[in-house]
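S.K.: In UniProt numbering, the protein residues as written are 1 to 346.
Where a beta carbon is used, it is the ideal one built from N, C-alpha and C, also for glycine.
The following block contains the structure, expressed as structure tokens.
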Amino acid sequence: MAVSSLPPHTLSVAPMMDWTDRHCRAFHRTLTRRTLLYTEMITTGAILHGDRERHLAFGEAEHPVALQLGGSDAAALAECARIATDYGYDEINLNCGCPSDRVSSGSFGACLMASPDVVARAVEAMRGATTLPVTVKHRIGIDDLDSYEHLQHFVRTVAAAGCETFIVHARKAWLSGLSPKENREIPPLRYDVVQQLKADFPELTVVLNGGLLSLDDAATALTWADGAMIGRAAYQTPYILATADRDVFGEAVTPPTRREAIEAFLPFVAAELQVGQPLNRMMKHTLGLFAGQPGARHWKRTLSEGGHRPGAGLDVVRAALAGVPDEVLDAHPDTPTTQALQPLAG
Numbered sequence: 001m002a003v004s005s006l007p008p009h010t011l012s013v014a015p016m017m018d019w020t021d022r023h024c025r026a027f028h029r030t031l032t033r034r035t036l037l038y039t040e041m042i043t044t045g046a047i048l049h050g051d052r053e054r055h056l057a058f059g060e061a062e063h064p065v066a067l068q069l070g071g072s073d074a075a076a077l078a079e080c081a082r083i084a085t086d087y088g089y090d091e092i093n094l095n096c097g098c099p100s101d102r103v104s105s106g107s108f109g110a111c112l113m114a115s116p117d118v119v120a121r122a123v124e125a126m127r128g129a130t131t132l133p134v135t136v137k138h139r140i141g142i143d144d145l146d147s148y149e150h151l152q153h154f155v156r157t158v159a160a161a162g163c164e165t166f167i168v169h170a171r172k173a174w175l176s177g178l179s180p181k182e183n184r185e186i187p188p189l190r191y192d193v194v195q196q197l198k199a200d201f202p203e204l205t206v207v208l209n210g211g212l213l214s215l216d217d218a219a220t221a222l223t224w225a226d227g228a229m230i231g232r233a234a235y236q237t238p239y240i241l242a243t244a245d246r247d248v249f250g251e252a253v254t255p256p257t258r259r260e261a262i263e264a265f266l267p268f269v270a271a272e273l274q275v276g277q278p279l280n281r282m283m284k285h286t287l288g289l290f291a292g293q294p295g296a297r298h299w300k301r302t303l304s305e306g307g308h309r310p311g312a313g314l315d316v317v318r319a320a321l322a323g324v325p326d327e328v329l330d331a332h333p334d335t336p337t338t339q340a341l342q343p344l345a346g
């Protein structure tokens, strides 16, 4: 198998609350081995005072996997970085982009863009506590702090503390007046702002997030950005990830069929059922696997109606598969429309 020299940030799946848990990541790994995966945002309080194993445990097959932290206290973040290092994560990411009321009231998330010095101190503390890369995910602005000059100041200040990778959601966030869902849709995408940021900070790794719906979209972003992060499209239509190792990372591999992906996922599902996890908690991450294909409705309906019932097991999955035509289950992705990307200069 050819080994690509492209870094993991070339393609990643965004951290998403209530979605990118370890079950989701285990499923995504049946589709792509190289794409960088993230946890949901986990607060420092949950790690320091909650069920640490439940929040942080993950499987060896999930690598490369990054932990996204929510918090603003430098000492607490540093301690969490030490703990995450012991757990074997590949990266620590600080959330400076989530706009929900819950994170604002806790002084973390997008509201931290108003306090670049606080973020810089947090990054410095985390870097002192771990040898892992410490990265920041943020918006292009918040509320009335949406000038390019403020964004430059934020990045310059945090970079001076040692952060070398900035994952930029190309929308501003309104911390009052818009729901988190509206903040993902209403503020316009401004790729030009992120592109200018990369031009002004060529020494930094700048990853584009927001509105990328396919690997073709990612390839377009990678003509100028160092990385592309796909969000809800990777969850709602996960089969777009099936060709990532071949088409993005340039590996000499045959993309899995949808049947192969599910069959590869089932041993994980069976093991989780044995320890009491309900079937629907795992299989909900697969509901979009057949999006736009014959049999998709049967797949979703069977899993949704049967997966939540007490004692539901792999027989429900088999019944769901039985309603999908073989030509859909066993079809390989089409010949790639994008060439394997080469390492980016710089």
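Would DSSP call residue 25 helix, strand or coil?
M.R.: Locating residue 25 in the sequence shown gives position 25, where the first residue counts as 1. Residue state, collapsed to three classes: helix.
S.K.: Which of helix, strand or coil does DSSP assign to residue 347?
M.R.: Coverage of the chain is limited to positions 1 through 346, which leaves residue 347 absent and any answer about it impossible.
S.K.: Can you give me the start and stop residues for the alpha helix (DSSP H) that residue 198 sits inside?
M.R.: Here residue 198 is taken as the residue at index 198 of the sequence shown, counted from 1. Element bounds for residue 198: 191-200.
S.K.: Within 10 angstroms of its Cβ, does residue 135 collect 16 or more other Cβ (buried), or is it exposed?
M.R.: Taking the first residue of the sequence shown as position 1, residue 135 is located at position 135. Buried, by the Cβ-count rule.
S.K.: Is the beta carbon of residue 191 sitting closer than 7 Å to the one on residue 219?
M.R.: Looking up residue 191 in the sequence shown gives position 191. Looking up residue 219 in the sequence shown gives position 219. Going by C-beta atoms, residue 191 is not nearer than 7 Å to residue 219.
S.K.: Go to residue 236, then tell me how far its alpha helix (DSSP H) extends in each direction, as first and last residue.
M.R.: Residue 236 sits at position 236 when you count from the first residue of the sequence shown. Start and end: 232-236.
S.K.: Just to confirm my understanding: we take residue 78, look at its own chain, exclude 5 residues before and 5 after, and list those with CB closer than 7 Å. What are they?
M.R.: Taking the first residue of the sequence shown as position 1, residue 78 is located at position 78. Counting only Cβ-Cβ distances below 7 Å, and skipping sequence neighbours, we find 125, 126, 128 and 129.
S.K.: By DSSP, does residue 253 sit in helix, in strand, or in coil?
M.R.: Numbered from its first residue, the sequence shown carries residue 253 at position 253. In this structure, residue 253 counts as coil in the three-state DSSP scheme.
S.K.: In whole angstroms, what separates the C-alpha of residue 16 from that of residue 52?
M.R.: One-based indexing of the sequence shown puts residue 16 at position 16. One-based indexing of the sequence shown puts residue 52 at position 52. Taking the straight line joining both Cα atoms gives about 19 Å.
S.K.: Could you check where the alpha helix (DSSP H) with residue 293 kicks off and where it finishes?
M.R.: On the sequence shown, residue 293 is found 293 positions in, with the first residue counted as 1. Segment: none, residue 293 is in no alpha helix (DSSP H) and carries neither H nor E.
S.K.: Given a cut-off of 7 Å on the beta-carbon distance, is the pair residue 238 and residue 288 in contact?
M.R.: By one-based count along the sequence shown, residue 238 stands at place 238. By one-based count along the sequence shown, residue 288 stands at place 288. Yes, these two residues count as a Cβ contact at 7 Å.
S.K.: Give the secondary structure of residue 128 by DSSP, where H, G and I count as helix, E and B as strand, and everything else as coil.
M.R.: Position 128 of the sequence shown, counted from the first residue, corresponds to residue 128. Residue 128 falls in the helix class under three-state DSSP.
S.K.: Mind checking residue 43: buried by the 16 CB within 10 Å criterion, or exposed?
M.R.: By 1-based counting over the sequence shown, the position of residue 43 is 43. Buried, since its Cβ has 16 or more Cβ neighbours within 10 Å.
S.K.: Any idea what DSSP makes of residue 20, helix, strand or coil?
M.R.: Counting from 1 along the sequence shown, the entry for residue 20 is found at position 20. In this structure, residue 20 counts as coil in the three-state DSSP scheme.
S.K.: Would a C-beta distance cut-off of 7 Å place residue 109 and residue 137 closer than the cut-off?
M.R.: The residue you call residue 109 lines up with position 109 of the sequence shown. The residue you call residue 137 lines up with position 137 of the sequence shown. Cβ distance not < 7 Å, so residue 109 and residue 137 don't count as in contact.
S.K.: Is it true that the CB of residue 264 sits closer than 7 Å to the CB of residue 30?
M.R.: Looking up residue 30 in the sequence shown gives position 30. Looking up residue 264 in the sequence shown gives position 264. Yes, they are a contact pair.
S.K.: Which first and last residues belong to the alpha helix (DSSP H) in which residue 80 is found?
M.R.: Here residue 80 is taken as the residue at index 80 of the sequence shown, counted from 1. That run of the alpha helix (DSSP H) goes 74-87.
S.K.: Could you tell me the distance, in whole angstroms, from the CA atom of residue 49 to the CA atom of residue 214?
M.R.: Looking up residue 49 in the sequence shown gives position 49. Looking up residue 214 in the sequence shown gives position 214. Looking at the two C-alpha atoms, the distance is approximately 39 Å.
S.K.: Sort out for me which residues DSSP pairs residue 268 with in a bridge.
M.R.: In the sequence shown, counting from the first residue as 1, residue 268 sits at position 268. For residue 268, which the question treats as bridged, DSSP gives no partner whatsoever.
S.K.: On the CB-based measure, 16 or more other CB atoms within 10 Å of its CB, does residue 1 come out buried or exposed?
M.R.: In the sequence shown, counting from the first residue as 1, residue 1 sits at position 1. Its pLDDT being 31, under 50, residue 1 is placed unreliably by the model, and the measurement read from it follows with that caveat. By the 10 Å Cβ count, residue 1 comes out exposed.
S.K.: Measure the C-alpha to C-alpha separation of residue 322 and residue 314 and round it to an integer number of angstroms.
M.R.: Here residue 322 is taken as the residue at index 322 of the sequence shown, counted from 1. Here residue 314 is taken as the residue at index 314 of the sequence shown, counted from 1. Their backbone Cα atoms lie some 12 Å apart in a straight line.
S.K.: Which residue from 155, 231 and 149 puts its Cα closest to that of residue 39?
M.R.: Here residue 39 refers to the residue found at position 39 when the sequence shown is read from its first residue. Checked all of 155, 231 and 149; the closest Cα to residue 39 is 231.
S.K.: If we call anything under 7 Å between Cβ atoms a contact, is residue 143 one with residue 175?
M.R.: For the purposes of this step, residue 143 is taken as residue 143 along the sequence shown, with counting starting at 1. For the purposes of this step, residue 175 is taken as residue 175 along the sequence shown, with counting starting at 1. It is a contact, given that the beta carbons lie within the stated cut-off.
S.K.: From the DSSP output, read off the bridge partner residues of residue 98.
M.R.: Within the sequence shown, residue 98 is the residue found at index 98, counting from 1. Beta-bridge pairing links residue 98 to no other residue.
S.K.: Assuming contact is defined by CB atoms lying nearer than 7 Å, are residue 167 and residue 229 in contact in what I supplied?
M.R.: Counting from 1 along the sequence shown, the entry for residue 167 is found at position 167. Counting from 1 along the sequence shown, the entry for residue 229 is found at position 229. The answer is yes: Cβ separation under 7 Å.
S.K.: What's the C-alpha gap between residue 278 and residue 115?
M.R.: In the sequence shown, residue 278 corresponds to position 278, counting from 1. In the sequence shown, residue 115 corresponds to position 115, counting from 1. Answer to the nearest angstrom: the Cα atoms are 42 Å apart.
S.K.: Just to confirm, are residue 165 and residue 205 a CB contact at a threshold of 7 Å?
M.R.: Counted from its first residue, the sequence shown places residue 165 at position 165. Counted from its first residue, the sequence shown places residue 205 at position 205. Yes, the Cβ-Cβ distance between residue 165 and residue 205 is below 7 Å.
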